[in-house]
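Each remark here refers to the structure printed beneath this line.
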Amino acid sequence: MTALAQALMPHLMVAPILLPLLAACLLMLVSERRHLTKATLGLMATVANLVVAVLLVFWVKAGDEARAFGIYLPSNWDVPYGIVLVLDRLSALMLVMTALVALMALLFSLARWHKAGAHFHPLFQIQIMGLNGAFLTGDLFNLFVFFEVMLAASYGLLLHGSGPSRVKAGLHYIAINLAASSLFLVGAALIYGVSGTLNMADLAARIPEVPDADRALLHAGCAILAVAFLAKAAMWPLNFWLVPAYASASAPSAAVFALLTKVGIYVLLRLSTLLFSDSAGNSAGFGSQWLLWGGLTTLAMGAIGMMSAQRPARMAGFAVVVSSGTLMAVFGLARPEVTAGALYYLPVSTFAVAAFFLLTELMDRSRQSDPARQQAPEDEEDHLPFSLAELELARSANLDEDEVPLVGRAIPASTALLGLAFIVCTLLLAGLPPLSGFIGKLAILSTLLDAPGGSVAPVSWLLMGCIIGSGLLALLALSRTGIRFFWAPVDRPAPVLRVVEYLPIALLIALCVVFTVRAEAVMRYTSATAAALYQPSLYIGAVMNSRPQPTPTNADRLGVPQPGVSR
1 MTALAQALMP HLMVAPILLP LLAACLLMLV SERRHLTKAT LGLMATVANL
51 VVAVLLVFWV KAGDEARAFG IYLPSNWDVP YGIVLVLDRL SALMLVMTAL
101 VALMALLFSL ARWHKAGAHF HPLFQIQIMG LNGAFLTGDL FNLFVFFEVM
151 LAASYGLLLH GSGPSRVKAG LHYIAINLAA SSLFLVGAAL IYGVSGTLNM
201 ADLAARIPEV PDADRALLHA GCAILAVAFL AKAAMWPLNF WLVPAYASAS
251 APSAAVFALL TKVGIYVLLR LSTLLFSDSA GNSAGFGSQW LLWGGLTTLA
301 MGAIGMMSAQ RPARMAGFAV VVSSGTLMAV FGLARPEVTA GALYYLPVST
351 FAVAAFFLLT ELMDRSRQSD PARQQAPEDE EDHLPFSLAE LELARSANLD
401 EDEVPLVGRA IPASTALLGL AFIVCTLLLA GLPPLSGFIG KLAILSTLLD
451 APGGSVAPVS WLLMGCIIGS GLLALLALSR TGIRFFWAPV DRPAPVLRVV
501 EYLPIALLIA LCVVFTVRAE AVMRYTSATA AALYQPSLYI GAVMNSRPQP
551 TPTNADRLGV PQPGVSR
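In case it helps, my numbering puts the sequence shown at residues 1 to 567.
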């Protein structure tokens, strides 16, 4: 794998952007009535995207310190004037996580959702392209471009399948993201006005040299820019739109939306470690306290939200908020060893939430007493679970006395499979042993206790309390929901499951199991990733020292012989 990736580099780096773009263009040419053709093409492109992402991870993993960065200049212009793509351990990790979740969501959609509206497959590929581009770009302007590409596709995916709740939540979602995009532009303009560059590496090199008179303006631009990313990363109170939007979306779209929040998290981590490191002069550590306390508040509010939620889809939305709050608070501490644990927790929590989003549709559908309705699109009306809204027990019913006839009754296989998946998702989201959700939280907690100098700061104790408390509340909320859906004595037929619907959930859970079994290897990778992030000179040097390929038009400017001409 490493040799193959080495042979295909550096052009392999642009494949995560070009491949879904070409697939989307090709899918647009196929008639909407040819569902099988579209599904086949979309699936092939998504699998190819996963293969490319895995090759890129093997390449950065095998590389030494210098080779751990892949630089690609699509326009063959000098840095910082041209477009630059940067691959490192963090972006490679995000690419693989995106490819895996996208493939599982697409598999799930093949059961019925890809036929529920027009242009599902092109939108899905454009969504992948925007995500991959955001993780690979090395400048703020193209980050904005890929941000918009990603959001434009998400608007269509959120409204896919129509329905009043999706339209209502979609309007809020579009409005808040348009406002965030406007702030993005304002912040980028201020930063460019002060520093004269939007290339991340060049900006990081110039920030220490910014005159003190302009530093307040630079910080204002960065703060405005951060608001856009914090809204996407679901920091409280900017996350009011998230739960209604994600809960209203179709299950495969919601699973992909779990990745959108991680884009905000990725950008916050990337910019905070690159632009405001210890070598950033008077700007060192800018915004870290906001990230820390905002993350703590988000974590607490997300956990309370899980307790208040009645529908599983809304609980999954609040689980996204809890995951984001945990990561933001940890990144606000700016400690490499704690960040390493958080980077392990990041893909695990994303896989678990994505699996839970897919599972919630099967759970909601299973409450229908009419077998025909179990395969129909879900009603969008927000109402309480069946055990509260529909279950009517006889006044004489006594569960303790009537328990005997239930003993020995065979559980339908489909119900057992749903229940098993729900239990595993509960363990992962609550962070209980023995699965990777517990290992991720344990890695964070153990490094928080291992404080420099042996004295644990009060804020670290507070973060540990919030992480443990959020896990307890998540366990209570999910247990309550599990009892209502799987234990309540409702006379209904067994749910109808299709293999293509259950398989993606099982595979996402299996990925979490793999992370459990291979925890040591994954932690080595995330530790090396965190160590590189907190040494921004490596990133800056790799980007700024990259040179375009000599051509007849630029050879004189580069001071090298023209190709094919020997001196």
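For glycine and all other residues, C-beta sits at the position ideal for the given N, C-alpha and C. It should be emphasised that the depicted structure is a prediction, and the values quoted were computed from it without experimental measurement.
Cβ neighbour criterion (16 or more within 10 Å) applied to residue i
i	result
C25	exposed
Q289	exposed
G559	exposed
S248	buried
M569	This structure gives no information on residue 569, because the portion of the chain shown stretches from 1 to 567.
W556	Sequence check: residue 556 is Asp here, not Trp. So D556 counts as exposed.
D139	buried
N587	Any question about residue 587 goes unanswered here, given that the chain covers just 1 to 567.
E32	exposed
Y81	exposed
T2	exposed
H11	exposed
A213	exposed
E337	buried
R518	exposed
I483	exposed
T37	exposed
Distance, residue j Cα to residue i Cα
i	j	result
F486	G419	7 Å
G317	Y246	6 Å
F357	V322	15 Å
L417	L435	18 Å
R480	G287	38 Å
I128	M104	13 Å
Q374	L427	Here the model assigns Q374 a pLDDT of 48, short of 50, so the residue's position is not dependable, and the following value carries that caveat. The alpha-carbon atoms of Q374 and L427 are separated by roughly 27 Å.
T350	S253	14 Å
T339	G440	11 Å
D278	G163	50 Å
S165	R34	29 Å
P561	R547	14 Å
F571	A251	Since the first residue of the chain shown is 1 and the last is 567, residue 571 is not available in this structure.
V330	C466	12 Å
A451	A313	38 Å
T40	V500	14 Å
T130	L260	The sequence shown places Gly at residue 130, not Thr. Taking the straight line joining both Cα atoms gives about 10 Å.
W570	L327	The chain is shown from 1 up to 567; residue 570 falls before or after that span and cannot be answered.
V243	E361	15 Å
F515	V348	7 Å
L190	A280	18 Å
A421	T415	10 Å
P377	A494	Only weak support is given to the placement of P377: the predicted model assigns it a pLDDT of 44, under 50, and the value that follows is read from those uncertain coordinates. Distance between the alpha carbons of P377 and A494: 17 Å.
P552	L21	30 Å
L238	A223	14 Å
L384	S308	Annotation note: pLDDT 45 at L384 (below 50); position unreliable, coordinate value reported separately. In a straight line, the C-alpha of L384 is about 12 Å away from that of S308.
L507	K262	20 Å
M523	Y344	6 Å
L497	L346	29 Å
G156	N554	42 Å
R89	P412	45 Å
G117	H160	6 Å
Pair within 8 Å by beta-carbon distance, residue i and residue j
i	j	result
A474	G341	no
W241	I304	no
G42	H121	yes
F124	A134	no
V149	I126	yes
V52	P16	yes
L274	A204	yes
G295	G332	yes
G302	A334	no
P504	F108	yes
L478	A430	yes
Bridge-paired residues (DSSP) for residue i
i	result
Y72	L85
S239	The question names Ser, but residue 239 in the sequence shown is Asn. Partner(s): none; N239 has no beta bridge.
T350	Its beta-bridge partners do not exist; DSSP assigns none.
D139	N199
CB-CB length for residue i against residue j, believed under 8 Å
i	j	result
S91	F257	The pair is not a contact, with the Cβ atoms about 20 Å apart (cut-off 8 Å).
A354	A255	4 Å
F144	F184	5 Å
L538	A532	6 Å
F58	A99	Incorrect: roughly 14 Å between the Cβ atoms, too far for contact.
L136	L93	With 8 Å as the limit, L136 and L93 do not qualify as a contact, their Cβ atoms being about 12 Å apart.
L463	V456	Contact doesn't hold; Cβ gap of about 10 Å is too wide.
S324	A234	4 Å
The ligand GDP heavy atom lying under 7 Å from the CB of residue i
i	result
T426	Looking at this structure, you won't find the ligand GDP or any other ligand, since it has none at all.
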